[in-house]
Every structure is written in structure tokens, then in C-alpha cells.
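In the numbering used here, the protein residues as written are 1 to 276.
Even glycine gets a Cβ: it sits at the ideal position worked out from N, Cα and C.
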């Protein structure tokens with residue numbers, strides 16, 4: 001029954017019909033598919049629990065960025081980092097930095113970087129001399145501020161199509177004909193994340209909202225992550241989800257220019273507009 005339901009919804013999408021409920025149902029069901037894809041699970045969970053999230057890759061990335069930023073900010077205020085501070089920042093930054101950047105910067109795999117960092121922390125804690133590469137690892141991961149989006153629409157599209165093919169609701173030779181749906185999917189993901197709140201590990205809440213990138217005017221979802229309350233509230237604005245959609249073409253500017261509040265949005269044609 002479920003497979004037949006999915007086949008009919010995929011067929012409608014292939015015919016050029018763009019119904020929000022079709023993507024809503026597909027994502028809600030595919031988030032339970034095993035083995036799954038984290039990006040599809042994430043959008044499926046946003047569809048099911050749109051107002052507030054306390055799990056998922058977006059929240060995990062926001063928490064790690066918060067840890068990285070808080071410890072970096074404390075250094076600016078003259079706080080001398082301890083071994084515990086370095087370790088916390090390192091664990092967070094290792095999760096933030098992509099595998100490719102680790103290999104480009106150090107010439108080693110993520111696993112080797114983690115092992116080397118752990119060894120460097122032990123030696124630092126025991127006040128033993130560190131090798132040059134260990135010092136470099138401590139500086140990069142323990143003393144740096146890092147940020148990186150959690151996922152993008154390219155990954156989401158690839159994972160979505162892969163799961164549809166695996167379950168049999170989309171024929172593999174129809175994947176190319178299915179490509180025009182990718183824009184609709186990106187708009188759907190932006191809309192379903194826009195306005196949602198994340199419950200941070202420290203108990204604070206951060207809201208997600210639509211934004212446009214400074215470099216290229218591409219639509220994205222950003223989070224205002226709280227960093228400090230003393231002497232005044234400080235936050236960092238970081239992208240959580242990136243798309244290849246130009247804001248000028250695919251979004252009503254009103255949604256991007258009013259920053260004091262989050263305006264509910266909807267998909268109208270091939271654009272995001274303010275909910276009337």
C-alpha cells in the first residue's frame with residue numbers, strides 16, 4: 001500500500017504536478033526507511049515536528065558551532081584555555097570540519113586526525129613536550145572558531161532520489177526526467193525549515209530563518225546561535241542549509257528584509273512568498 005502510494009505521488013511529480021502534500025508524505029515516510037539518509041531524515045523530521053526540534057544534524061551542527069564560538073570568544077576576553085577547554089573545542093571542531101578540508105590541511109584522514117588530537121591533548125594535560133604537528137593540531141582544533149553548514153540541497157536531492165529508486169517508487173532510468181523536481185524540493189526544504197526553532201544543548205532556543213548569501217545571493221537557512229549573555233547578549237549568525245537557488249528569482253524579498261520577526265512563507269508557483 002505504502003509503495004503504491006509513493007509510486008503515484010512520484011508519477012504526479014514526473015508529470016509536472018507540484019503538490020506540497022506529495023513531498024510532505026514522501027519525506028515523512030522516507031525518514032523511517034532503513035538504511036536511511038541523514039539529509040532525508042532531517043527534512044522528514046522537520047515536516048513532522050516543524051515548530052521545535054531537539055534532535056537532528058542541524059541541531060548537532062548548531063551545538064558544535066556554539067561550543068567552538070564560546071571557547072574562542074572566551075579567549076578574546078583573556079581567559080587562558082585549559083586542557084578541558086581545548087578538548088571541548090577540538091571535539092566540536094573535528095565534527096564541523098569536513099573530511100576533505102582535514103585532508104587538505106593536514107594530509108591525513110579524519111580518523112588519524114582524531115587520534116593525533118587525542119594524543120596531543122593527553123600530552124598537553126600531562127605537561128609533556130609536543131611535536132610540531134601536535135601543536136598545529138591543538139591550535140587548529142582547540143583554539144579556532146569554525147563553522148560549516150550542516151547539509152545542502154545537492155546532497156538532499158541525491159539522497160532523496162537514491163531512496164526513491166531503492167524502494168522502487170522511481171525507476172532508475174527515469175531519474176533524469178525527475179530532475180526538474182529538484183527546484184521544488186529545494187523550495188520545500190527551505191520553507192519547512194524556515195521559522196522552526198532548535199533547542200540547544202544549553203537549554204537556549206535559536207530560530208531558523210530564510211536568508212540570502214552575501215556571495216552569490218543564494219537562498220539558505222540561517223540560525224542565530226547564542227554565544228554569551230555577559231556583558232550583553234552576543235550571537236553568531238551561521239548558515240545551516242545551503243541551496244543553489246538565486247534569491248532574486250525564487251524568493252519574495254520581503255521574507256529576507258524583515259529581520260525583527262519571522263514571516264511565515266509558502267510556495268507559490270516556483271517562488272517562496274509571504275503567507276497571505
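Contact check for residue 192 against residue 206 fails: the beta carbons are separated by 9 Å or more. Burial of residue 195 is indicated by the presence of at least 16 other C-beta atoms within 10 angstroms of its C-beta. The shortest C-alpha to C-alpha distance from residue 248 to any of 216, 115 and 236 is the one to 216.
Ranking 5, 46 and 67 by CA distance to the CA of residue 236 puts 67 first. In the structure shown, residue 74 falls within a helical segment according to DSSP collapsed to helix, strand and coil. Residues 24, 27, 28 and 192 of the same chain have their beta carbon placed closer than 6 Å to that of residue 47, with the five preceding and five following residues left out of the count. The C-alpha of residue 75 is placed about 40 Å away from the C-alpha of residue 158. Assigned with DSSP and collapsed to three states, residue 43 falls in helix. If you compare the alpha carbons of 36, 85 and 94 with that of residue 141, the shortest gap goes to 94. By the Cβ rule, the region 236-246 does not count as touching the region 79-86, because fewer than three pairs are nearer than 8 Å.
DSSP, reduced to helix, strand and coil, places residue 274 within a strand of the structure shown.
Taking the Cβ atoms as the reference, residue 227 lies roughly 6 Å from residue 73, within the contact range of under 8 Å. Burial check for residue 22: the Cβ neighbour count within 10 Å reaches 16 or more, so the residue is buried.
Of all alpha-carbon atoms in 102, 162 and 130, the one lying nearest the alpha-carbon of residue 179 is that of 162. Rounded to the nearest angstrom, the gap between the Cα atoms of residue 9 and residue 55 is 28 Å. Under the criterion of beta carbons closer than 8 Å, residue 147 and residue 96 qualify as touching, at roughly 7 Å.
In terms of Cα proximity to residue 100, the closest of 113, 91, 90 and 36 is 113. Excluding residues up to 5 positions away in sequence, 148 lie with their Cβ nearer than 7 Å to the Cβ of residue 98 in the same chain.
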